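Participant:
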Ligand SMILES: Nc1ncnc2c1ncn2[C@@H]1O[C@H](COP(=O)(O)OP(=O)(O)O)[C@@H](O)[C@H]1O
Ligand SMILES: [Mg+2]
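Protein chains in written order, with my numbering: chain A, 1 to 404; chain B, 1001 to 1227.
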């Protein structure tokens, strides 16, 4: 009945209670939705980078990263590639031949990163093969087909079927030339990536270099992302002496963003709740001050201070939780809905692309945050109730009930 | 033995300006079953005296012995329990919890006493009938007249089965007809349950109903008449 009384008491001044409930609701709604958008954005950046060409795990020759020299390829790359594909628990594998070179067209020349791939394997690991603006991904009747990024095509003034000459260092230290035909133009969310990376069939490179298959990078896409560290350890056992790195190690700035986002989400919500504590305290203080005489009467007829305290505490918790739960429900519905349909940000896509994020944004919030939030709101309510409840129990009944 | 024995009671309010001697050397014996009025002009110390008897205030000096026990020596927390179990209160106003119905208001004090739901229900209904509000059981205070609200307050005061009821100017906010009928009802309950009533008033028509009239002047007992 004390609890029922508390519940009834918060509806005595409907307007005032509704104002604070709406403040809590809208505060949480704004905060949670913004958080979800941030998380969605970071998630999208990570996901975009991983599917563009990062993959989950990469293997290199330990010194390759120093100067990306063509000769620093993975020893017995082909053998390693085969043993990795034999472990079907690992996921999809694509072995890449990476060569720094120059792409020349009649119009201009530009330094590029030549990526020799097996089109089928690359398609299993990354989605570059589906990001084509025009043409096909290397699957062409032309000799030495090449796929260039839209930005590079623009720079070198290339169209489908344009000819380009690739020049690069060979394994002996001399220069090789490879005459290619543009068969596809891709476009990702990163103009920087599109400008620098050019795909060819690795078989064409091997023939041109007159070598057995050599690989500089083996990219692995996992079946289950949460097994990242376990699979890394497994691969390290299969390929001793090679450098095995997860995407978090290769792109630490992305990993940092992704890891920090959870922290920021709580931090931001914490600030909103801290602000709400003041509002709730204020509302409850008004409510207590208005009821001085009634509370004095209750204490006079035999209500202990502890029960008065509990009554005020319960009122505060009910008030806050009502606003909190409405806020959480509205936020969850909004986030689920927009997370399902996506938010089309194409009108600011240009600026988003420089961040490497997709134009479609899918806000999301981990489920755990909602539960933590309910706990946080209860804690906030308890804090907010302390001052009003203290004021109430400090009343002297004889003073409080004196009428005039 | 008297129900209430007051010995050399003094109360001095230490206001910043001048100390106010609100109750002076009061000695009183009140027996069980009395229907007593404390009268006197405004400021004569009626409320102060009733508050001290009811344990809402501590005297500066003196004793209030109820059932052989000096309640002025009780700690604050013990005093709350004492009030809850032994004293029924009716105030001039702010008697009821506005969000609860008449019945719930009466049940509330029994709830504080730890009574079970069934007992609470039965007794609340019985008392509301006894004060003539059998048909307003589930009505909230705002929908009751001032006289009806005071009847609920009296019913609540009786609900805790106290040894006596203290009523500080219970009729001050009522018109004379309602005041008369509230007094009728209190008198009836006094006889029916042999319940001791001590009430204050400065209304001469109300004080005539009492069987004993204690008159205060400047905190002193000026007269003490039994009829
Ligand atoms: N809390 C207080 N502080 C100081 N003076 C008080 C206080 N309460 C009452 N008084 C004074 O004590 C005297 C008696 O007051 P009260 O008991 O209320 O009389 P009554 O109920 O007969 O009107 C008055 O002079 C009043 O001003
Ligand atoms: Mg008075």
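The beta-carbon is built from N, C-alpha and C at its ideal position, and this holds for glycine as well.
The structure displayed is predicted, hence computed values, not measured ones.
1. Going by CA-CA distance only, name the one from 1085(B), 1127(B), 1070(B) that's closest to residue 1186(B).
2. Residue 1190(B) CB to nearest chain A CB: under 8 angstroms?
3. Measuring alpha carbon to alpha carbon, tell me which residue in 1087(B), 1096(B), 1032(B), 1063(B) is nearest residue 1149(B).
4. Please state the DSSP three-state secondary structure of residue 398(A).
5. What in chain D is Cβ-close to residue 293(A), meaning under 7 angstroms?
6. How would you list, in chain order, the residues of chain B whose beta-carbon sits under 9 angstroms from the beta-carbon of residue 303(A)?
7. So what does residue 1215(B) bridge to, in DSSP terms?
8. Which residue wins for smallest C-alpha separation from residue 64(A), given the options 338(A), 375(A), 215(A), 289(A)?
9. Which full runs of the beta strand (DSSP E) of 3+ residues lie inside the stretch 271-302 of chain A, going along the chain?
10. Does residue 282(A) get closer than 8 angstroms to chain B when you measure Cβ to Cβ?
11. Beta carbons nearer than 7 angstroms to chain B: which residues of the stretch 375-394 of chain A have them?
12. Does residue 1014(B) have its Cβ less than 8 angstroms from a Cβ in chain A?
13. For residue 1172(B), which residues in the same chain have their Cβ closer than 7 angstroms to its Cβ, ignoring the five residues on either side in sequence?
14. Compute every distance between the C-beta of residue 1058(B) and the non-hydrogen atoms of ligand 1, then say whether any falls below 7 angstroms.
15. Go ahead and pull the three-state DSSP assignment for residue 1096(B).
16. Only counting the same chain, and skipping five residues up and downstream in sequence, which positions put a Cβ closer than 7 angstroms to that of residue 51(A)?
17. Could you name the residues whose beta carbon sits closer than 5 angstroms to any heavy atom belonging to ligand 1, keeping them in chain order?
18. Closer than 6 angstroms by C-beta to residue 1194(B): which residues in its own chain qualify, once you throw out the five before and the five after it? Chain order, please.
19. Quick check on residue 62(A): buried or exposed, where buried means 16 or more other Cβ atoms within 10 Å of its Cβ?
20. Mind checking whether residue 364(A) and residue 339(A) have CB atoms under 8 angstroms apart?
21. According to the neighbour-count rule (16 or more other Cβ atoms, all chains shown, within 10 Å of its Cβ), is residue 1141(B) buried or exposed?
22. Can you name, in chain order, every residue of its own chain whose Cβ lies under 6 angstroms from the Cβ of residue 381(A), other than the five neighbours on each side?
23. Nearer than 7 angstroms: is that true of the beta carbon of residue 1135(B) relative to any heavy atom of ligand 2?
24. Taking only beta-carbon positions, decide if residue 1131(B) is within less than 8 angstroms of chain A.
25. If you compare alpha carbons, which of 1209(B), 1225(B), 1203(B) is closest to residue 1040(B)?
26. Got a sec: does ligand 2 put a non-hydrogen atom nearer than 7 angstroms to the Cβ of residue 1168(B)?
27. Closer than 7 angstroms by beta-carbon distance: list the chain A residues that pair up with residue 1056(B), in chain order.
28. Looking at residue 1182(B): is its Cβ nearer than 8 angstroms to the Cβ of residue 1209(B)?
29. Identify, in the order they occur along the chain, each residue of the same chain with its Cβ nearer than 8 angstroms to the Cβ of residue 16(A), setting aside the five sequence neighbours on each side.
30. Looking at the C-beta of residue 1100(B), does it have a partner C-beta in chain A at a distance below 8 angstroms?
Facilitator: On the basis of the coordinates in this document:
1. Of 1085(B), 1127(B), 1070(B), the residue nearest in Cα terms is 1127(B).
2. Chain A, which has no Cβ nearer than 8 angstroms to the Cβ of residue 1190(B), makes this no.
3. When only C-alpha atoms are compared, the closest one is 1096(B).
4. Residue state, collapsed to three classes: helix.
5. You won't find chain D in this structure, because its protein chains are A and B.
6. Around residue 303(A), the beta-carbon contacts reaching into chain B at under 9 angstroms are 1080, 1084, 1108, 1109, 1112.
7. Beta-bridge analysis with DSSP links residue 1215(B) to 1039(B), 1223(B).
8. With distances taken between Cα atoms, residue 64(A) lies closest to 215(A).
9. If only uninterrupted beta strand (DSSP E) runs of at least 3 residues are considered, none is enclosed by the stretch 271-302 of chain A.
10. No, its Cβ sits nowhere closer than 8 angstroms to a Cβ of chain B.
11. So nothing in the stretch comes that close.
12. No, residue 1014(B) lies away from the interface with chain A (no Cβ there is under 8 angstroms from its Cβ).
13. Cβ neighbours of residue 1172(B) beyond the five flanking positions: 1092.
14. Outside the cutoff, so no.
15. Three-state result, residue 1096(B): coil.
16. For residue 51(A), same chain residues with a beta-carbon under 7 angstroms away, outside a window of 5 residues either side, are 126, 127 in chain order.
17. Per the CB criterion, closer than 5 angstroms to any heavy atom of ligand 1, the qualifying residues run in chain order as 1013(B), 1015(B), 1020(B), 1022(B), 1042(B), 1043(B), 1044(B), 1045(B), 1046(B), 1047(B), 1048(B).
18. Once the five neighbours on either side are set aside, the close Cβ partners of residue 1194(B) are 1033.
19. Residue 62(A) comes out exposed.
20. Contact: yes.
21. A residue is called buried when at least 16 other Cβ atoms come within 10 angstroms of its Cβ; residue 1141(B) meets this threshold and is buried.
22. If we look at residue 381(A) and ignore the five residues flanking it on each side, its Cβ neighbours are 316, 317, 320.
23. No, the beta carbon of residue 1135(B) sits no closer than 7 angstroms to any heavy atom of ligand 2.
24. The Cβ of residue 1131(B) sits no closer than 8 angstroms to any Cβ of chain A.
25. Nearest C-alpha to residue 1040(B): 1203(B).
26. Checking every heavy atom of ligand 2 against the Cβ of residue 1168(B), one is found closer than 7 angstroms.
27. Within chain A, the C-beta atoms nearer than 7 angstroms to that of residue 1056(B) come from 300, 397, 398, in chain order.
28. No, the Cβ-Cβ distance between residue 1182(B) and residue 1209(B) is not below 8 angstroms.
29. Once the five neighbours on either side are set aside, the close Cβ partners of residue 16(A) are 283, 286, 287.
30. So yes, residue 1100(B) belongs to the interface.
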